[in-house]
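Asks: Each residue of the sequence shown is one higher than the last, beginning at 87 in this note's numbering. Each residue gets a CB set at the ideal place from its N, CA and C atoms; glycine is no exception. Have a look at this one before I ask anything.
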Amino acid sequence: MRIEIPNALIDALRHAQHIAVLTGAGVSAESGVPTFRDAQTGLWSKFNPQELATRKAFQRNPKMVWEWYAYRRELTARAEPNAGHYALVEMEKRVPQFTLITQNIDGLHERAGTKNMIELHGNIQRVKCLREDVRVESWVEDGEIPPRCPRCNSYLRPDVVWFGEMLPAFALDEAFRAARNCDLFFSIGTSGVVEPAASLPFVALRNGAVVVEINPDETPLSRGATFRLCGAAGVVLPMILGAPF
Ligand code: BJW
């Protein structure tokens, strides 16, 4: 399918004072990191989230959950940022204010070079203590899985946000502030079904921002977005950055 960047969008980019961008797993798909809900390749076509991405699941079967995250930690550590990640780095350089809000835990935006970034769902490369909820930088590897917190001997867990858990308060406040204050908002590579992140583009719309969706598939946002660019982030974003703004 031929994708065209509408002139009105180029105009909005030219005049934008604050761009906010929400990204989801689709942005990293072209780096080889599986999405969650895509029917054939999504992680949850093979695994049940209730068995793996909840605190209860971890308490029930800590070894299995730890190993699932260890497998994904290695996979994301090997992945490289793609053309979509790099286009967003370039976008940040071209506007007075830029806020990237990501649901991704793979750290690829940071590795690409994005500066002003909010991680809503944590980062898979970090671990924290299950009991005290504080980050842990080092621990003794004595073969026990999961390893134990050196301070309180509780299990260590990945520093990600599971279903039913609160998002980091500061990150969430900043994300909603950016959605309220931006004049141009991009929602890229997210199915838009997981709250509270899914509400951000609607907050931007209500506050008068131009909202652009980049996704090969339809989402709950598609009909309400100002512009819908139906394609892969790694193709569409470089096209946008190639436009004269
Ligand atoms: C491409 C592409 C390409 C493919 N280019 N695009 C209000 C109503 C109902 C329920 C709730 C509510 N508020 C809270 C809830 C409960 C829950 C929730 O939202 N449930 C819904 C599923 C119904 N939310 C929570 O529990 C959150 N906590 C919270 O709100 O606390 C307070 C509270 C608790 C309980 C009740 C009420 C309030 C926490 C959410 C944590 C989400 N955690 C996960 C796992 C992280 C760790 C891990 O990785 O294992 O985060 S779930 C998973 O989904 C992950 C993602 O960040 C998140 C979003 O997924 P994403 O990124 O959108 O990926 P996909 O796969 O869904 O979509 C990919 C898209 O890319 C697709 O559209 C493709 O088409 C597209 N694509 N290739 C561009 N190349």
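For the beta strand (DSSP E) that contains Ile300, what are its first and last residues?
Replies: Element bounds for Ile300: Val296 to Ile300.
Asks: Return the CA-CA distance between Arg141 and Val322, expressed in angstroms with no decimal places.
Replies: Near 37 Å, if we compare the C-alpha coordinates of Val322 and Arg141.
Asks: Taking the C-alpha atoms as reference points, what is the distance between Cys316 and Arg309?
Replies: Computed Cα separation, rounded: 12 Å.
Asks: Can you tell which of Asp303, Asn239 and Gln189 has the C-alpha that lies nearest to the C-alpha of Pro282?
Replies: Per the Cα distances, Gln189.
Asks: Taking the beta strand (DSSP E) that His104 belongs to, which residues open and close that run?
Replies: It spans His104 to Thr109 - the beta strand (DSSP E) in which His104 sits, taken as one unbroken run.
Asks: Could you give the first and the last residue of the continuous beta strand (DSSP E) run that contains Ser273?
Replies: Start and end: Leu270 to Ile274.
Asks: Quick check on this structure: which residue in Gln211, Met177, Phe144 and Gly275 has the alpha carbon closest to the alpha carbon of Ala115?
Replies: Residue Gly275 is the option with its Cα nearest to Ala115.
Asks: Between the stretch 149 to 169 and the stretch 182 to 200, do at least 3 Cβ pairs fall closer than 8 Å?
Replies: Contact holds: three or more Cβ-Cβ distances are below 8 Å.
Asks: Does the Cβ of His207 lie closer than 8 Å to at least one heavy atom of ligand 1?
Replies: Yes; taking the cut-off as 8 Å, the Cβ of His207 has a heavy atom of ligand 1 nearer than that.
Asks: Give the DSSP bridge partners of Val280, in chain order.
Replies: BP columns for Val280 are empty, so no partner.
Asks: By alpha-carbon positions, which one of Phe331, Pro324 and Asp219 ends up nearest to Val175?
Replies: Nearest option by C-alpha distance: Pro324.
Asks: Closer than 8 Å: is that where the CB of Tyr155 sits relative to any heavy atom of ligand 1?
Replies: Answer for Tyr155: yes, Cβ within range of ligand 1.
Asks: Less than 8 Å between the CB atoms is what I'm expecting for Ile231 and Lys149, so what's the real figure, rounded?
Replies: Confirmed, Cβ separation roughly 5 Å.
Asks: Suppose you measure from the CA of Ala319 to the CA of Cys238; what does that come to, to the nearest Å?
Replies: C-alpha separation (whole angstroms): 43 Å.
Asks: To the nearest angstrom, report how far apart Lys201 and Arg217 are at their CA atoms.
Replies: When rounded, the distance between both Cα atoms is 31 Å.
Asks: Thinking C-alpha only, which one of Glu153, Glu137 and Thr185 is nearest Ile105?
Replies: Ranking the options by Cα distance to Ile105, first place goes to Thr185.
Asks: Report yes if the C-beta distance between Leu138 and Val151 is below 9 Å; otherwise report no.
Replies: Taking 9 Å as the Cβ cut-off, Leu138 and Val151 qualify as a contacting pair.
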